[in-house]
Amino acid sequence: MSIAFLDGAYLPLEEARISPLDRGFLFGDGIYEVVPSYAGSMVGFAPHIARMKSGLAAVGINLDWSETDWADLCNRLITDNGAGNLGIYLHVSRGADTKRFHGFPENIAPTVFAFAFDIAPPPIAEKALARTYKVSTARDLRWERCHIKSTALLGNVLHFQQGYEKGHGETILFNANNELTEASACNVFIVKNGIVITPPLDNQLLPGITRDIVLDVLRKDGSIPVEERIVTMDEVTSADEVWVTSSSKEIAPVIAVDDVPVGNGEVGDVWLAAQALYTAGKFNY
Ligand code: PDD
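Taking the working numbering, the leading residue of the sequence shown gets 1123, the next gets one more, and so forth.
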């Protein structure tokens, strides 16, 4: 049984109930985060909360919670749910209205919901143990505010399903200029001639916390060059390595894109070095 939090109360997840007039339910009008936690230690807590706050500000949801309030909530959920390998899901919707009306209602309190779910143990930096991915490609058909971690994820869900129906674990997305944006629930990196490259932050992709930690640990180490720049579809299909990154996956090697092997079709040396640096440094964020 999983213990959840809903509007001030801790309760079994199965007992949590919201109004059908909650704008999160009706409109996907909310912001969310997923914070990974291993044996009681969270990765990237402060940047996750900072991103939550900037997402709430971007969509005009006023929630008066400090970082300490969020920390208390996360730590309580970690303790109550066994402190293993957990994803902490944090969700704030604009709140429950008395009618269905598109404009922001006045004087309603945001709904705050959170729960913990089991995630896989953290990746180990060993080629033979890597959890590899095969991915599809698709034209990115989502909205133009992908930097906001909105709970309105239908565009992402439909893109994920495109790959899933082909037996693939992700779908990587390209804009109308055939430039890489991200994947349905991950950021994307390529490696070419020893250089790690990922698209720059803009409205086409989520500013992933894992992406940020990867760039930071690589830059601090200094032995592997990194570039944030536009990545074309041709560069993806001719890359030596492709990775997808997210809070629960950390850095996952992609071994095939549209069923064509990436490089020699095996886990790469640069992934090995990057995952080792990530493993060593992740609890500093
Ligand atoms: N997904 N891009 C998208 C569209 C995402 O949904 C995610 C995360 C990421 C990676 O962000 P981060 O490194 O901060 O987890 C990139 C989460 C985990 C999810 O929806 O479950």
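Glycine included, C-beta positions come from ideal geometry on N, C-alpha and C.
**Message:** What would DSSP say about Val1364, mapped onto helix, strand or coil?
**Reply:** strand
**Prompt:** Can you tell which of Ile1312, Leu1148 and Ala1305 has the C-alpha that lies nearest to the C-alpha of His1290?
**Reply:** Ala1305
**Asked** Cα separation between Asp1151 and Thr1273?
**Response** 7 Å
**Backbone secondary structure at Val1379 - three-state DSSP** = strand
**Asked** For Gly1177, which residues of its own chain have a beta-carbon under 7 Å away from its beta-carbon, when the five flanking residues on both sides are left out?
**Response** Ile1153, Ile1270 and Lys1271
**Message:** So within the stretch 1317 to 1362, which uninterrupted alpha helix (DSSP H) runs reach at least 4 residues, ignoring any that extend past its ends?
**Reply:** 1331 to 1343 and 1355 to 1359
**Prompt:** Short check: CB of Arg1264 to CB of Lys1371, under 9 Å?
**Reply:** no
**Message:** I'd like to know whether the C-beta atoms of Ser1360 and Ile1331 end up nearer to each other than 9 Å.
**Reply:** no
**Item:** Among Glu1363, Ile1241 and Pro1232, nearest to Asn1203 - alpha-carbon criterion
**Value:** Ile1241
**Asked** Excluding the five sequence neighbours on either side, which residues of its own chain have a C-beta within less than 7 Å of the C-beta of Ala1205, listed in chain order?
**Response** Ala1161 and Gly1162
**Message:** Considering only heavy atoms of the ligand PDD, does any lie closer than 8 Å to the CB of Ala1307?
**Reply:** yes
**Prompt:** Across which residues does DSSP place Arg1261 in a beta bridge pair?
**Reply:** Phe1296
**Asked** Which residues mark the beginning and the end of the beta strand (DSSP E) in which Ala1395 is found?
**Response** Run containing Ala1395: none in the beta strand (DSSP E); it sits in the alpha helix (DSSP H), Asp1391 to Gly1403.
**Buried versus exposed call for Pro1101 [16 or more other C-beta atoms within 10 Å across all chains shown]** = Coverage of the chain is limited to positions 1123 through 1407, which leaves residue 1101 absent and any answer about it impossible.
**Request:** Report the rounded CA-to-CA distance for Gln1326 versus Gln1397, giving the unit in angstroms.
**Result:** 26 Å
**Item:** Exposure of Phe1223, with buried meaning 16 or more beta-carbon neighbours within 10 Å
**Value:** exposed
**Request:** Would you kindly work out how many angstroms separate the C-alpha atoms of Pro1142 and Arg1198, rounded to a whole number?
**Result:** 27 Å
**Message:** I believe Thr1259 touches Ile1294 by the beta-carbon criterion, under 8 Å. Please report the beta-carbon distance rounded to the nearest angstrom.
**Reply:** 6 Å
**Prompt:** If you follow the beta strand (DSSP E) that His1290 is part of, which residue opens it and which one closes it?
**Reply:** No beta strand (DSSP E) holds His1290; DSSP gives it neither H nor E.
**Prompt:** Residue range of the beta strand (DSSP E) that Pro1169 falls in?
**Reply:** From DSSP, Pro1169 is part of no beta strand (DSSP E) but of the alpha helix (DSSP H) over Phe1167 to Val1181.
**Asked** The alpha helix (DSSP H) with Glu1189 in it runs from where to where?
**Response** Glu1189 to Asp1202
**Request:** Taking all protein chains shown into account, decide if Arg1216 is buried (16 or more other Cβ within 10 angstroms of its Cβ) or exposed.
**Result:** buried
**Request:** Find out if the Cβ-Cβ distance for the pair Thr1353, Val1310 is shorter than 9 Å.
**Result:** Per the sequence shown, residue 1353 should be read as Val rather than Thr. Yes. Within cutoff.
**Whole-number beta carbon distance between Gly1385 and Asp1362, since they are thought to touch under 8 Å** = 5 Å
**Prompt:** Is it buried or exposed for Asp1144, if we count other Cβ within 10 angstroms and need 16 for buried?
**Reply:** buried
**Prompt:** How is Val1384 classed by DSSP in three states: helix, strand or coil?
**Reply:** coil
**Message:** Quick check on Asn1207: does DSSP put it in helix, strand or coil?
**Reply:** strand
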